[in-house]
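Below: one structure, written as structure tokens.
Residue numbers (the working numbering): 2 to 108.
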């Protein structure tokens, strides 16, 4: 009888360990959330409306910055997938390469 009790105790201990590992794994995976995912794009479907996108002028060279932004903007518009926003609708103007955009303002 002592042999069966020892096996039951070992089995119960093993099941407790497995249960603990499963609980920890579920807690870890459940706590993982997308990093502030605001826009979800499904690439398996056709996009009927072009996605609005802001393309600010490149800082640095005042002559070539707007030209480069214009080329990129026109290329994206011609693809039919994007609708570049007019610069007058921008919430902020980027004037320094080292300063990051205030992403919270753009939501």
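The beta carbon of each residue, even a glycine, is placed where N, CA and C say it ideally should be. Everything numeric in this text was worked out from a predicted model, so none of it was measured.
Cβ separation of residue i and residue j, assumed to be a contact under 8 Å, to the nearest whole Å
| i | j | result |
| --- | --- | --- |
| residue 100 | residue 85 | Their Cβ separation, rounded to whole angstroms, is 22 Å, which puts residue 100 and residue 85 out of contact at 8 Å. |
| residue 63 | residue 95 | Going by Cβ atoms, the distance from residue 63 to residue 95 rounds to 13 Å, so no, they are not a contact pair. |
| residue 23 | residue 54 | Their Cβ separation, rounded to whole angstroms, is 43 Å, which puts residue 23 and residue 54 out of contact at 8 Å. |
| residue 102 | residue 82 | Contact doesn't hold; Cβ gap of about 22 Å is too wide. |
| residue 61 | residue 98 | 7 Å |
Element boundaries [alpha helix (DSSP H), containing residue i]
| i | result |
| --- | --- |
| residue 65 | 65 to 80 |
Extent of the continuous beta strand (DSSP E) run through residue i
| i | result |
| --- | --- |
| residue 84 | 83 to 85 |
| residue 49 | Here residue 49 belongs to no beta strand (DSSP E), and DSSP marks it neither H nor E. |
Any non-hydrogen atom of the ligand FAD within 6 Å of residue i CB
| i | result |
| --- | --- |
| residue 26 | You won't find the ligand FAD in this model; it holds no ligand whatsoever. |
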